[in-house]
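K.L.:
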Amino acid sequence: MMESDAASARGNVPQYSVSEISGAIKRTLESGFGRVRVRGEITELKRYPSGHVYLSLKDEGGKIAGVIWRGSVSRLGLAPENGNEVIATGRVSAYGERSSYQLVIERMEFAGEGALLANIERLRKRLLEEGLFDGDRKKDIPFLPTLVGVITSRSGAVLHDIRTTIERRFPRDVLLWPVAVQGEGAAAQIAAAIEGMSVRGPRRPDVLIVARGGGSLEDLMAFNDERVLRAVAACPIPLISAVGHETDTTLIDLVSDRRAPTPTAAAEMAVPLRSELVADLAHRTARLTGGLSRIMQTAKARLDQAASRLPDLPGLLDTARMRLDDRGQRLELALPGYVLRLRAMLDAPGRYLPGPDLIIGRRKARLSALVIPSPELQIERKRAFLITAARGLDGAVNQTVQQQALRVERQRLTPETLYSAIRLQKARVEGLGAHLEAVSPQAVLRRGYALVQDANGRPVTRADARPPNGRVVLSFADGERGARLDPLTSQGDLGL
Numbered sequence: 001m002m003e004s005d006a007a008s009a010r011g012n013v014p015q016y017s018v019s020e021i022s023g024a025i026k027r028t029l030e031s032g033f034g035r036v037r038v039r040g041e042i043t044e045l046k047r048y049p050s051g052h053v054y055l056s057l058k059d060e061g062g063k064i065a066g067v068i069w070r071g072s073v074s075r076l077g078l079a080p081e082n083g084n085e086v087i088a089t090g091r092v093s094a095y096g097e098r099s100s101y102q103l104v105i106e107r108m109e110f111a112g113e114g115a116l117l118a119n120i121e122r123l124r125k126r127l128l129e130e131g132l133f134d135g136d137r138k139k140d141i142p143f144l145p146t147l148v149g150v151i152t153s154r155s156g157a158v159l160h161d162i163r164t165t166i167e168r169r170f171p172r173d174v175l176l177w178p179v180a181v182q183g184e185g186a187a188a189q190i191a192a193a194i195e196g197m198s199v200r201g202p203r204r205p206d207v208l209i210v211a212r213g214g215g216s217l218e219d220l221m222a223f224n225d226e227r228v229l230r231a232v233a234a235c236p237i238p239l240i241s242a243v244g245h246e247t248d249t250t251l252i253d254l255v256s257d258r259r260a261p262t263p264t265a266a267a268e269m270a271v272p273l274r275s276e277l278v279a280d281l282a283h284r285t286a287r288l289t290g291g292l293s294r295i296m297q298t299a300k301a302r303l304d305q306a307a308s309r310l311p312d313l314p315g316l317l318d319t320a321r322m323r324l325d326d327r328g329q330r331l332e333l334a335l336p337g338y339v340l341r342l343r344a345m346l347d348a349p350g351r352y353l354p355g356p357d358l359i360i361g362r363r364k365a366r367l368s369a370l371v372i373p374s375p376e377l378q379i380e381r382k383r384a385f386l387i388t389a390a391r392g393l394d395g396a397v398n399q400t401v402q403q404q405a406l407r408v409e410r411q412r413l414t415p416e417t418l419y420s421a422i423r424l425q426k427a428r429v430e431g432l433g434a435h436l437e438a439v440s441p442q443a444v445l446r447r448g449y450a451l452v453q454d455a456n457g458r459p460v461t462r463a464d465a466r467p468p469n470g471r472v473v474l475s476f477a478d479g480e481r482g483a484r485l486d487p488l489t490s491q492g493d494l495g496l
């Protein structure tokens, strides 16, 4: 009985293969849920080289796997990051080979305003640390731009307000780059427009205005996107942000060079008011004209005052002419007297000067005193000196002999001793005579020297004392000869 019950039970339970049950579960999930919106926190985010993105959504009670196919990443609406609380829109699908299910995500948005603000705050802090909000990075807005670039939607009142304001204040050319200001791809279009406007070319704007009308926080999220903010920071053109109404604040307002509360205010910042410029120019012109007039009046008054202080020029000239005539007349009278005084001053020292004859006589006397005696006179003087010296020597010898004789007599010396003393004295006398003979003029002439004299018997001691070819007398040891002073050649020999 029990075996029959078990068999009947097995016969009532249907039997499936693994593929059949997996397919049945997949069809059940897909048909039972269809498109769903799932709220949760992103975790386990992975981006693969194929372009697919895998992640998980979790909350306090569970976790579900999700996938974003490559074709849906660009249309997602935001860049998913770990920790963001989002609402993912897609469909539930099962993967039978692994007995798992997942959410195929087609669209994603932040879950509520609180999550959006938290994500914006995290991005703001990160960009603040990088210095993208620093004041020294801000560029000055040009005073009067030639071309104004506008990045906004083609449709809507924003573009109309900007054009109308520029036309009213100071007509300038406007270059529009139309973009989507909200929704999918808006951030990418805005970033591309800013980069495109920055390219150098003939139509490069002098100032940029990025603008859109008001909206909710979700509508303005494109202007909180990191790609847009970095494009604004890298833009070389001064940029004015005018996003939302006056109370709306986005991160692009912090990165841009100037923030306008409305698009109309942005246009007013971009171009000055022409009427104010004209009025200011007229005011400055009036001030300049008045200043120049006052300067000219002051200068004219000073000139008139100086002219009134000047003396009468014709009178000055007449006085100077009379003074000149008077000085000329006095000069004519004073010049001869001055010359006479100078001549008297020059003649006065001449009275005390000796005459030329007296000066010449004194010079002759001095020269006569300096004349060297002739060789004959010198020889006679030497001979007389020798004779006197010989006589004195003979007397000294005789006296010495007598003294020696007396000494001999006193000492009773022998004749041999006396003879030796006499020979000693004789040798001394002969030595003195030989010395005198060596220093005599005749001895000098015998050694090859000659005495040069002029025709008057005066010695010639310098080569320039006599003119060339002059006659001289040469005295030798054995006689005299006449000679002529011939010049030497460049080689030093006689010019024969």
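Its first residue numbered 1, the sequence shown is counted upward by one per residue in full-length UniProt numbering.
Idealized CB from N, CA, C, for every residue including glycine.
For the pair the stretch 114-129 and the stretch 144-159, tell me if three or more CB-CB distances fall below 8 angstroms.
P.N.:
No, the stretch 114-129 is not in contact with the stretch 144-159.
K.L.:
Under the rule that 16 or more other beta-carbon atoms within 10 Å means buried, what is Ser275, buried or exposed?
P.N.:
Counting from one through the sequence shown, the residue named residue 275 turns up at place 275. Result: exposed.
K.L.:
Evaluate contact between the stretch 160-167 and the stretch 254-270, counting only Cβ atoms and requiring at least three cross-stretch pairs below 8 angstroms.
P.N.:
yes
K.L.:
If contact is defined by three or more beta carbon pairs under 8 angstroms, each pair taking one atom from either stretch, is the stretch 204-222 in contact with the stretch 128-147?
P.N.:
yes
K.L.:
Please identify the residue among Asp318, Ala483, Ile21 and Ser19 whose C-alpha is closest to the C-alpha of Ala450.
P.N.:
The count along the sequence shown starts at 1 and reaches residue 450 at position 450. If you compare the alpha carbons of Asp318, Ala483, Ile21 and Ser19 with that of Ala450, the shortest gap goes to Ala483.
K.L.:
Within a Cβ cutoff of 8 angstroms, which residues of the same chain sit near Trp177, ignoring the five residues on either side of it in sequence?
P.N.:
Here the question's residue 177 lines up with position 177 in the sequence shown. Result list for Trp177: Gly149, Val150, Ile151, Ala193, Gly196 and Met197, in chain order.
K.L.:
Is it the case that the stretch 79-94 contacts the stretch 212-220, given that we only count it when at least three CB pairs across the two stretches are under 8 angstroms?
P.N.:
Contact between the stretch 212-220 and the stretch 79-94 is absent, because fewer than three Cβ pairs lie under 8 angstroms.
K.L.:
Out of Leu78, Val104, Leu432 and Glu226, which one is the CA nearest neighbour of Gly183?
P.N.:
Taking the sequence shown and counting its residues from 1, the one referred to as residue 183 is at position 183. Nearest C-alpha to Gly183: Leu78.
K.L.:
Determine the extent of the beta strand (DSSP E) in which residue 499 is found, giving its start and end residues.
P.N.:
Because the chain spans 1 through 496 in this model, residue 499 falls outside it and cannot be assessed.
K.L.:
Can you check whether the CB of Ala390 is closer than 9 angstroms to the CB of Gly433?
P.N.:
Translated into positions along the sequence shown, residue 433 becomes position 433. Translated into positions along the sequence shown, residue 390 becomes position 390. Yes; because the gap between Cβ atoms is below 9 angstroms, this pair is in contact.
K.L.:
Can you give me the start and stop residues for the beta strand (DSSP E) that Gln453 sits inside?
P.N.:
For this step, residue 453 is matched to residue 453 along the sequence shown. Note, Gln453: beta strand (DSSP E), Leu451 to Gln453.
K.L.:
Can you give the Cα-Cα distance for Leu254 and Leu239, rounded to whole angstroms?
P.N.:
Against the sequence shown, residue 254 aligns to sequence position 254. Against the sequence shown, residue 239 aligns to sequence position 239. Using only the alpha carbons, I get a separation of about 11 angstroms.
K.L.:
What span of residues does the alpha helix (DSSP H) with Ala111 cover, start to end?
P.N.:
Within the sequence shown, residue 111 is the residue found at index 111, counting from 1. No alpha helix (DSSP H) contains Ala111, which DSSP labels as neither H nor E.
K.L.:
Is it buried or exposed, Thr250, if we count other Cβ atoms within 10 angstroms and call 16 or more buried?
P.N.:
Position 250 of the sequence shown, counting from 1, holds the residue named residue 250. Buried is the call here.
K.L.:
Could you tell me which residues DSSP puts in a beta bridge with residue 520?
P.N.:
The chain is shown from 1 up to 496; residue 520 falls before or after that span and cannot be answered.
K.L.:
For Val460, which of helix, strand or coil comes out of DSSP?
P.N.:
As a working note, residue 460 is residue 460 in the sequence shown. In the three-state scheme derived from DSSP, where H, G and I count as helix and E and B as strand, Val460 is classed as coil.
K.L.:
Using the DSSP secondary-structure output, state which residues sit across from Lys46 in a beta bridge.
P.N.:
Residue 46 sits at position 46 when you count from the first residue of the sequence shown. Answer by DSSP bridge pairing, in chain order: Tyr54.
K.L.:
Leaving out five residues on either side along the sequence, give the residues of the same chain with a beta carbon under 6 angstroms from the beta carbon of Arg75.
P.N.:
The residue labelled residue 75 in the question sits at position 75 within the sequence shown. Cβ neighbours of Arg75 beyond the five flanking positions: Glu184.
K.L.:
Using alpha carbons as the reference points, say which of Glu129, Asn119, Arg47 and Arg287 lies closest to Asn224.
P.N.:
Within the sequence shown, numbered from 1, the residue matching residue 224 stands at position 224. Looking at the Cα atoms, Asn119 is the closest of the given residues.
K.L.:
Kindly list the residues whose CB is nearer than 7 angstroms to the CB of Lys300, restricted to its own chain and excluding five residues on each side of it in sequence; keep chain order.
P.N.:
Residue numbering aside, residue 300 sits at position 300 when the sequence shown is read from its first letter. No residues qualify anywhere along the chain.
K.L.:
For Asp140, which of helix, strand or coil comes out of DSSP?
P.N.:
Sequence index remark: in the sequence shown, residue 140 carries index 140 (1-based). In this structure, Asp140 counts as coil in the three-state DSSP scheme.
K.L.:
Below 8 angstroms on the Cβ atoms is my contact criterion, and I expect Pro145 with Ala270 to pass it. Report the Cβ-Cβ distance as a whole number of Å.
P.N.:
Here residue 145 refers to the residue found at position 145 when the sequence shown is read from its first residue. Here residue 270 refers to the residue found at position 270 when the sequence shown is read from its first residue. With a beta-carbon spacing of about 6 angstroms, Pro145 and Ala270 fall inside the 8 angstroms limit used to define contacts.
K.L.:
In this structure, how does DSSP classify Val13 when only helix, strand and coil are distinguished?
P.N.:
As a working note, residue 13 is residue 13 in the sequence shown. Val13 falls in the coil class under three-state DSSP.
K.L.:
Once DSSP output is grouped into helix, strand and coil, what is the label at Pro178?
P.N.:
Start at 1 with the first residue of the sequence shown, and residue 178 comes out as number 178. Strand at Pro178.
K.L.:
How big is the Cα-Cα spacing for Gly62 and Ala24?
P.N.:
Along the sequence shown, one-based indexing puts residue 62 at 62. Along the sequence shown, one-based indexing puts residue 24 at 24. Spanning the two alpha carbons is a distance of roughly 24 angstroms.
K.L.:
Can you tell me the Cβ-Cβ gap for Ile166 and Ala267, rounded? I've got them flagged as a contact below 8 angstroms.
P.N.:
The residue you call residue 166 lines up with position 166 of the sequence shown. The residue you call residue 267 lines up with position 267 of the sequence shown. Yes, Ile166 and Ala267 are in contact; Cβ-Cβ is about 5 angstroms, under 8 angstroms.
K.L.:
Determine the contact status of Ala187 and Met221, defining contact as a CB-CB distance below 9 angstroms.
P.N.:
Within the sequence shown, residue 187 is the residue found at index 187, counting from 1. Within the sequence shown, residue 221 is the residue found at index 221, counting from 1. Against a cut-off of 9 angstroms, the Cβ pair of Met221 and Ala187 comes out as a contact.
K.L.:
Give me the Cα-Cα distance between Tyr338 and Leu346, rounded to the nearest whole angstrom.
P.N.:
For the purposes of this step, residue 338 is taken as residue 338 along the sequence shown, with counting starting at 1. For the purposes of this step, residue 346 is taken as residue 346 along the sequence shown, with counting starting at 1. The alpha-carbon atoms of Tyr338 and Leu346 are separated by roughly 12 angstroms.
K.L.:
Return the chain-ordered list of same chain residues with a C-beta closer than 7 angstroms to the C-beta of Leu485, the five sequence neighbours on each side being excluded.
P.N.:
By 1-based counting over the sequence shown, the position of residue 485 is 485. Same-chain partners within the cutoff: Arg466, Pro468, Asn469, Gly470 and Val472.
K.L.:
What residues in its chain sit with their C-beta under 8 angstroms from that of residue 500, if we drop five residues either side in the sequence?
P.N.:
The chain is shown from 1 up to 496; residue 500 falls before or after that span and cannot be answered.
K.L.:
Buried or exposed: Phe110, going by 16 or more other Cβ atoms within 10 Å of its Cβ?
P.N.:
Indexing the sequence shown from 1 puts residue 110 at position 110. Its Cβ being crowded by 16 or more others within 10 Å, Phe110 is buried.
K.L.:
Could you name the residues of the same chain whose beta carbon sits closer than 6 angstroms to that of Gln329, not counting the 5 residues immediately before and after it, in chain order?
P.N.:
Counted from its first residue, the sequence shown places residue 329 at position 329. Here the set comprises nothing.
K.L.:
Do Gly66 and Gly90 come within 9 angstroms of each other at the CB atom, strictly closer than that value?
P.N.:
On the sequence shown, residue 90 is found 90 positions in, with the first residue counted as 1. On the sequence shown, residue 66 is found 66 positions in, with the first residue counted as 1. Yes; because the gap between Cβ atoms is below 9 angstroms, this pair is in contact.
K.L.:
Quick one: is Asp312 buried, meaning 16 or more other Cβ sit within 10 Å of its Cβ, or exposed?
P.N.:
Taking the sequence shown and counting its residues from 1, one reaches residue 312 at position 312. It is exposed - the Cβ of Asp312 has fewer than 16 other Cβ atoms within 10 Å.
K.L.:
Quickly, what does DSSP pair Val38 with across the bridge? List them, please.
P.N.:
Start at 1 with the first residue of the sequence shown, and residue 38 comes out as number 38. According to DSSP, Val38 bridges with Ala88.
K.L.:
For Ser256, is the classification buried or exposed, using 16 other Cβ atoms within 10 angstroms of its Cβ as the cut-off for buried?
P.N.:
As a position in the sequence shown, residue 256 is number 256, starting the count at 1. Per the 10 Å Cβ criterion, buried.
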